[in-house]
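In what follows, a single structure is set out as structure tokens and then discussed.
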Amino acid sequence: MKKLFSMFTAVLLSAAAFQAFGQEQEWVNYSNFTAVTDVEPVGDHLWITAKGGVVDINTATLAKTYYKKGDAGLPSSLVEQVAVDATSGTIWVGTYDAGVVEWDGDNWLSYDYPTYFLMYRMKFDDFGDIWLQTDAGLYKFDTKDNIFSNWRNNSSYSSLSNDIVQDLLIDSYGNLWAGTLNGICKFNPTTNAFKRYFFTPNGPSDNLKIPAYSNIRLFETSANEIYALDEHSIYHFNISKNRFENTLIDLKSNNIIPRGILEDKDSSWWIASASGLIHLSIRNGLLNKS
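Per the working numbering, residue 3 is the first one in the sequence shown, and the count goes up by one each step.
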């Protein structure tokens, strides 16, 4: 009887979600917002992206405005990131599968991706353009002319080393670094080419090509030092030798999978990882080892 009641309830819910026969038929999304992907404070508001759409929270009144696919022009409910143009203050979000979207105060203005790809994260550069890390190479969206540009891996050694871009860093000097499944690339806008870097082993002077599917995270400290992390180690970029070198910090784990990094006031790092929260000092190694 209980099973029959559950089935009957499911049928009623399905019928309620589907528009009446004879009218335009479509499913109405009653799903919850899950898997928060990003949070950005803007004045008295918190803009939150998630698997499910976008939420605008007024921190003064705690009023919430939800946007899912179709609401005010939002092209997708799979939203990966929110970013604010530092020059204009305009709020942008990047969807996983549909396009980059600009909030004009009332509606979402969508700029569709030129071809189908999956977007992971995005960053503004100093010129107000948006760089996208995707599974189809590196994309740049010119916010003034609304034009997409794309860089991919090809037979040239000056091309992107792999089409799957896992992380992006625009450093304090405006240099763009891309962490891919097959090494790290530094973009030279003058030559429109990439310089490839691979992690250097302890000992031999020549670079070691890192294995595919290595989870790369790039990070710049307040002292303008560049670091890269994979599942196992932390590497420092030696400017004078123009290469990444292993710091040999023992992370006490074979597979940390770093997700995010925050530098504290005392210059120690907090690393969100698949192995838990890691607190370390570049000079002294792991802190709070438990």
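The C-beta atom is built at its ideal place from N, Cα and C for all residues, glycine as well.
Since this is a predicted model, take the numbers as computed values, not measurements.
Straight-line spacing of the CA atoms in G185 and F201 works out to 8 Å.
For P43, DSSP records a beta bridge to L48. Listed in chain order, the non-local C-beta contacts of L134 below 6 Å within the same chain comprise M121, M124 and Y141, local neighbours out to five positions each way being set aside.
Apart from the 5 residues on each side of it in sequence, Y113 sits with its Cβ closer than 6 Å to the Cβ of G101, V102 and N148 in its chain, given in chain order. As the crow flies, the alpha-carbon of I251 is around 12 Å from that of H281. Under the DSSP definition of a beta bridge, Q83 partners with G96.
Leaving aside the five residues that flank A195 on each side, the residues in its chain whose CB is nearer than 7 Å to its CB run, in chain order, S160.
Under the DSSP assignment, Y159 falls outside any beta strand (DSSP E); it carries neither an H nor an E label. In this structure the region 85–94 does not touch the region 59–71; the number of beta carbon pairs closer than 8 Å is below three. No residue range can be given for F119, since it is assigned to no beta strand (DSSP E) and is classified by DSSP as neither H nor E. The alpha-carbon of D232 is positioned some 29 Å away from that of T193. Closest option to S174, judged by alpha-carbon separation, among L162, D128, G96 and C187: D128. The region 74–83 and the region 57–65 do not touch, with fewer than three beta-carbon pairs separated by less than 8 Å. In the displayed model, A276 falls within coil according to three-state DSSP, outside both helix and strand. About 16 Å separates the beta carbons of F150 and P191, which is beyond the 8 Å limit, so they are not a contact pair.
Cβ atoms of S79 and G54 come within 8 Å of each other, at about 6 Å.
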